[in-house]
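K.L.:
One structure is given below, represented as structure tokens, and several questions about it will come after.
Protein chains in written order, with the numbering used here: chain U, 21 to 319; chain G, 1065 to 1297.
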């Protein structure tokens, strides 16, 4: 019945790796170049309504997922983060908030230990540290799509984020950064849209410092059969409708739900990350596997 | 065959998005809510029309089939677009003629016939044309009824169209459109305009059965009489 079934095309075995010139764009079969272009157009089209749509589709839960990612990262002040496919800045802003609050606690603890200082000395030390509210932490937001970056920059301005934040136009498969540069590399809901996942993982490995951490937050496979059916029903029946009503764009959101089905499941992605050279690769399922956080270290 | 496989079932016309009944129901509800919330979302009004027109559209199509001019339109599938209209010629026609008044209407209200949305959610190729024809003819309705494109004028035209076509979208638009009008306008609406629109709508023959492209020279008054539209107040 049309209600529960999605289009007759069975899931093609083509996954992230380019198996010859034929690739998947959702359930369609396209060439590598076509895929890149189509995906670019999808995000160009949805950029302005991206955040609204995320909230509507996930009923705001995507915020919790991103918070969990940040807690897992647990960055300390002085961390240099590269957020790839970071478009509208959700991860970057959370990072800044996190290190700021850690820094504040650090400063408070320092002050407590300076009980025997004079008022003058305490005031001076406070002044010195005030200009370092981030503790030299920095985040570089890298995205391939100009429109998404534009929205991100506007958001940053609107919310008052300026310190420690940079915006770079770049391709995850070929990053415009030197080797061994970053402490942490994140890619949240972006790796699914990369055409050559293996290249993106290799690039991630390259730009991380030794000891650096790779973190990937992405939609994944729900193994529970009942939940899986409900999830499919919601994905295929409701989400494109939301896309049409809220963003006036059915097709982009149809692509989105299809691309989730085409993406490698947890174990397969773990293997791919290991192939790129990462160690201690692990994953954590959120919401029964609707979303998963994969983590690895460059040693 | 790859192209068809990708959607699972056929795309019947360019721009067609096949939808399940559940999706149509959700779309109808969502588009109605969004159209009320943000009246500038004309695309939502269009979607509402497509998802709720499953009874009215076949009805309209049959009316057209059973009328010689309507049948002709269904066969030839004319489109009212800037590319198919000879604007210079229409402007040169005498005042009072359909063509001249139509162009005047477009200029005065700063609208263009090319802003009509193509249907997406109608699952029948012929019905998709019918709803597209209804959209393209809408500006001519304004001309025939002498109504401008402000909120008041649109509501009046919607009342007329609701009677004429039976499309639920028109009925909803006619019923909920007045919500955003001032009391003074509502008074005019209720006492003069709507009764006139209803009378004309009931009296007139089906407006989709007129091959407008062949009648540009005809005076508007004469066309009104022929159709059975009473003179505007």
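Idealized CB from N, CA, C, for every residue including glycine.
From the DSSP output, in three-state form, read off residue 44 (chain U) for me.
P.N.:
Strand.
K.L.:
Which full runs of the alpha helix (DSSP H) of 4+ residues lie inside the stretch 1258-1285 of chain G, going along the chain?
P.N.:
If we require 4 residues or more, the alpha helix (DSSP H) runs fully inside the stretch 1258-1285 of chain G come out as 1258-1267.
K.L.:
Per DSSP, what are the beta-bridge partners of residue 206 (chain U) in this structure?
P.N.:
Residue 206 (chain U) pairs with U:103, U:235.
K.L.:
If you measure between the beta carbons of residue 17 (chain U) and residue 212 (chain U), is that distance less than 8 Å?
P.N.:
There is no way to answer for residue 17 (chain U), as the model of chain U reaches only from 21 to 319.
K.L.:
Going by alpha carbons, who is nearest to residue 339 (chain U) out of U:217, U:85, U:267, U:97?
P.N.:
Summary: the structure shown does not reach residue 339 (chain U), with chain U confined to residues 21 through 319, and so no result is reported for it.
K.L.:
By the 10 Å Cβ neighbour count, where 16 or more other Cβ atoms means buried, how is residue 1066 (chain G) classified, buried or exposed?
P.N.:
A caution first: residue 1066 (chain G) carries a pLDDT of 33, below 50, which makes its placement in the model too unreliable to give a value.
K.L.:
When Cβ atoms are compared, which residues of the stretch 1096-1110 of chain G fall closer than 9 Å to chain U?
P.N.:
Listed by position along the chain: 1097, 1098, 1105, 1107, 1108.
K.L.:
DSSP beta-bridge partners for residue 302 (chain U)?
P.N.:
The partner list for residue 302 (chain U) (beta bridge, DSSP) reads U:315.
K.L.:
Would you check if the distance between the CB atom of residue 1258 (chain G) and the CB atom of residue 1220 (chain G) is smaller than 8 Å?
P.N.:
Contact flag set, yes.
K.L.:
At which residue ranges does the stretch 207-284 of chain U contain complete beta strand (DSSP E) runs of 3 or more residues, listed in the order of the chain?
P.N.:
Those beta strand (DSSP E) runs which fall completely within the stretch 207-284 of chain U and span 3+ residues are 228-239.
K.L.:
Spell out whether any CB of chain G is found under 8 Å from the CB atom of residue 270 (chain U).
P.N.:
Judged by the 8 Å Cβ criterion, residue 270 (chain U) is in contact with chain G.
K.L.:
Please report whether the beta-carbon of residue 1257 (chain G) lies at a distance below 8 Å from any beta-carbon of chain U.
P.N.:
False, the Cβ-Cβ gap to chain U never drops below 8 Å.
K.L.:
Measuring straight from C-alpha to C-alpha, what distance separates residue 198 (chain U) and residue 87 (chain U)?
P.N.:
Approximately 29 Å, taken between the alpha carbons.
K.L.:
Out of G:1166, G:1145, G:1148, G:1146, state which residue places its alpha-carbon closest to the alpha-carbon of residue 1155 (chain G).
P.N.:
Minimum Cα distance to residue 1155 (chain G) is reached at G:1166.
K.L.:
Within 8 Å of any Cβ in chain A, is that where the Cβ of residue 257 (chain U) sits?
P.N.:
The displayed structure is made up of protein chains U and G, and chain A is not among them.
K.L.:
Starting from residue 163 (chain U), trace the beta strand (DSSP E) in both directions and tell me its first and last residue.
P.N.:
Residue 163 (chain U) -> beta strand (DSSP E) spans 158-163.
K.L.:
Find the nearest neighbour of residue 297 (chain U) within the set U:225, U:271, U:280, judged by alpha-carbon distance.
P.N.:
The residue with the shortest Cα to Cα distance from residue 297 (chain U) is U:225.
K.L.:
Scan the stretch 1270-1294 of chain G for residues whose Cβ lies nearer than 8 Å to a Cβ of chain U and list them as they occur along the chain.
P.N.:
Listed by position along the chain: nothing, the set is empty.
K.L.:
Would you check if the distance between the CB atom of residue 1101 (chain G) and the CB atom of residue 1189 (chain G) is smaller than 8 Å?
P.N.:
No, these two residues do not count as a Cβ contact at 8 Å.
K.L.:
Counting only C-beta atoms, is residue 1113 (chain G) closer than 8 Å to chain U at any point?
P.N.:
Cβ-Cβ to chain U under 8 Å: no for residue 1113 (chain G).
K.L.:
In this structure, what does DSSP give as the bridge partners for residue 1165 (chain G)?
P.N.:
DSSP output for residue 1165 (chain G) lists no bridge partner at all.
K.L.:
Roughly how many whole angstroms lie between the Cα atoms of residue 1297 (chain G) and residue 1260 (chain G)?
P.N.:
Each residue's Cα considered, the two are about 8 Å apart.
K.L.:
Name the DSSP beta bridge partners of residue 187 (chain U), please?
P.N.:
In the DSSP output, where bridge partners are listed per residue, residue 187 (chain U) has U:161.
K.L.:
If I follow the unbroken alpha helix (DSSP H) through residue 1202 (chain G), where does it start and stop?
P.N.:
Per DSSP, residue 1202 (chain G) belongs to the alpha helix (DSSP H) from 1189-1209.
K.L.:
For the ligand NAP, any of its heavy atoms closer than 7 Å to the Cβ of residue 1151 (chain G)?
P.N.:
Looking for the ligand NAP in the displayed structure turns up nothing, as the structure carries no ligands at all.
K.L.:
Indicate whether at least one CB of chain U lies closer than 8 Å to the CB of residue 1090 (chain G).
P.N.:
Yes, because at least one Cβ of chain U sits closer than 8 Å to the Cβ of residue 1090 (chain G).
K.L.:
Would you call the stretch 229-244 of chain U and the stretch 114-129 of chain U in contact, with 3 or more CB pairs under 8 Å?
P.N.:
Segments in contact, no.
K.L.:
Taking 8 Å as the CB-CB cut-off, is residue 104 (chain U) touching chain G?
P.N.:
Not closer than 8 Å to any Cβ of chain G, the Cβ of residue 104 (chain U) fails to qualify, so no.
K.L.:
Would you tell me roughly how many angstroms separate the C-alpha atoms of residue 316 (chain U) and residue 1098 (chain G), rounded to the nearest one?
P.N.:
Spanning the two alpha carbons is a distance of roughly 44 Å.
K.L.:
Helix, strand or coil: how does DSSP classify residue 1084 (chain G) here?
P.N.:
Three-state result, residue 1084 (chain G): coil.
K.L.:
Quick check on this structure: which residue in U:286, U:261, U:162 has the alpha carbon closest to the alpha carbon of residue 186 (chain U)?
P.N.:
If we check each option's Cα against that of residue 186 (chain U), U:162 comes out closest.
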